[in-house]
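Reviewing the structure listed below.
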Amino acid sequence: MHIDKLKYFIDLVNCKNFTETAKLNFVSQTTISQQIASLESTYNMKLIDRDKKPIEPTPAGWLFYNEAIILWKQYKHLSEKMIDFQANHSQLLSVAYATLTDIQSLLPFIPSFKQAHPTIKLDFQKISLKDISTYLHKGIYDIAIAVDSEFKATEEIDTFTLYQGKYSAAVSKHHPLFNHQTITKEALYQYPLVMLDSNEIGNSYQLMIEHALKDGYQPKIKQAVTDVESELVQIVTENLIGFFPDNYQLNYSEEEIRLIPLEDSYHTFTIEMGYVKHNSNPALQTFLHHIHDWFSQ
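Numbering (this note's numbering), first residue to last: 25 to 321.
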């Protein structure tokens, strides 16, 4: 299968329109139609429902889309490595992370590593938390940095701890708990909560539920949102309580939203760096050796 077919299909699903997909790829609409038809002929099944407006994938099409995304990322990763090696005779080490908060403890280490190893190029890419472990296994990234829950239940991944902390309650100025210096478990679980959707944060959603149950309470989750910005909006406008890492840098003043520590709660977290054991990229071993030396100082 030609790699362009994957790209056309991915873009068509995202654009939901043959004309826009053709413009995006600088080809004719006929070309897009023919390539999609060729894919459907290859697998002898309908991948795009053309009767719906806007068009959307069939169930088989969604399956194909999810796998095509991974293959396309792998292809781009391979191309970037080869192009960079040809141009600079350097090695590429790809690093995935879910939030800036996750990599804060790693950032001071980077200048030292780059100075010591100028031929190793670090490529940082922000991706959805739910994809961290999958993309690491598929070889799209050499290293992934995320909460430890995303690396559990697999023997293929080794991890290195970067930071350990506790979750705090994010509370707006209109909330009854706003002026508290700390919040007890009893007080916390009286109020409705907002959380990031399980489709966005993967295993971390269930882990939050488990921590609440260990605290002795069933959490009242009133709203699930797809990103942090939406979570903050719900905290401000609906007086919901959110959970944030204790090292999170809010873009709101303390007069608007406060991060308040929780008393004696199971809501803790560990930020880890994960990597597949059999990864043969020589730059990975150099990076691991350097980072172990750095954090042991």
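Quick reminder that beta carbons are idealized off the backbone N, C-alpha and C, glycines included.
Taking residue i as the reference, give the member of the options with the closest Cα.
i, options, result
"MET69", "GLN230, GLN188 and TRP86", "TRP86"
"MET219", "THR183, ASN203, LEU264 and GLY240", "LEU264"
"ASN271", "ALA211, ARG282 and ASP239", "ARG282"
"HIS141", "PHE319, SER320 and HIS313", "HIS313"
"VAL341", "PRO269, TYR241, GLN242 and TYR276", "In this structure the chain extends from 25 to 321, so residue 341 is not present and cannot be described."
"ILE225", "VAL171, HIS101, LEU286 and PHE109", "VAL171"
"GLY266", "TYR215, SER320, LYS31 and SER136", "TYR215"
"LEU274", "VAL51, LYS238 and THR125", "THR125"
"GLN149", "ASP108, GLU279 and THR123", "THR123"
Excluding the five sequence neighbours on either side, which residues of its own chain have a C-beta within less than 7 Å of the C-beta of residue i, listed in chain order?
i, result
"VAL300", "LEU160, HIS161, GLU180 and ILE181"
"LEU130", "ILE169 and LEU186"
"HIS198", "ASN263"
"PHE175", "SER157, ILE181, THR183, GLU296 and GLY298"
Near residue i, which residues of its chain fall below 8 Å by C-beta distance, leaving aside the five closest residues on each side in sequence?
i, result
"LEU71", "PHE33, ILE60, LEU63, GLU64, PRO81, THR82, ALA84, GLY85 and PHE88"
"LEU36", "PHE42, THR45, ILE56, ILE60, ILE72 and ILE79"
"LEU117", "ILE144, LYS145, LEU146, ASP147, ASP166, ILE167, ASN305, ALA307, LEU308 and PHE311"
"HIS12", "The structure shown has nothing for residue 12, since the chain only spans 25 to 321."
"THR206", "ILE284, PRO285, LEU286 and GLU287"
Assuming residue i and residue j make a contact with CB atoms under 8 Å, what is their CB distance in whole Å?
i, j, result
"GLN98", "ILE169", "The pair is not a contact, with the Cβ atoms about 20 Å apart (cut-off 8 Å)."
"ILE245", "PHE133", "With a Cβ gap of about 36 Å, ILE245 and PHE133 do not count as contacting."
"LEU186", "GLU91", "That pair is no contact at about 31 Å."
"SER157", "SER228", "Not really, about 11 Å apart at Cβ, beyond 8 Å."
"THR310", "GLN188", "Contact flag wrong, Cβ pair sits at about 26 Å."
"GLN115", "PRO306", "6 Å"
"ILE284", "ALA193", "5 Å"
"PRO269", "TYR191", "6 Å"
"SER320", "VAL260", "About 42 Å separates the two Cβ atoms, so there is no contact after all."
"ILE94", "ALA120", "The Cβ separation is near 13 Å, so there is no contact."
What does residue i pair with, by DSSP beta-bridge criteria?
i, result
"TYR299", "ASP182"
"ILE245", "LEU217"
"THR292", "LYS190"
"PHE319", "Note: PHE319 sits in no beta bridge, so no partner."
"PRO200", "Answer is none; PRO200 lacks a bridge partner."
"PRO285", "SER192"
"GLY266", "ALA194"
For residue i, I'd like the list of residues in its chain whose CB is within less than 6 Å of its CB, leaving aside the five on either flank, ordered along the chain.
i, result
"ALA248", "MET219 and ASP221"
"TYR241", "TYR213"
Considering only residues of the region 134-195, which uninterrupted beta strand (DSSP E) runs meet the minimum length of 3 residues and lie entirely inside it, listed in chain order? Segments of the beta strand (DSSP E) lying fully in the region 134-195: 144-150 and 167-171.
In the region 57-136, which residue ranges form an unbroken alpha helix (DSSP H) of at least 4 residues, counting only runs that do not cross its ends? Complete alpha helix (DSSP H) runs here, min 4: 83-112 and 124-127.
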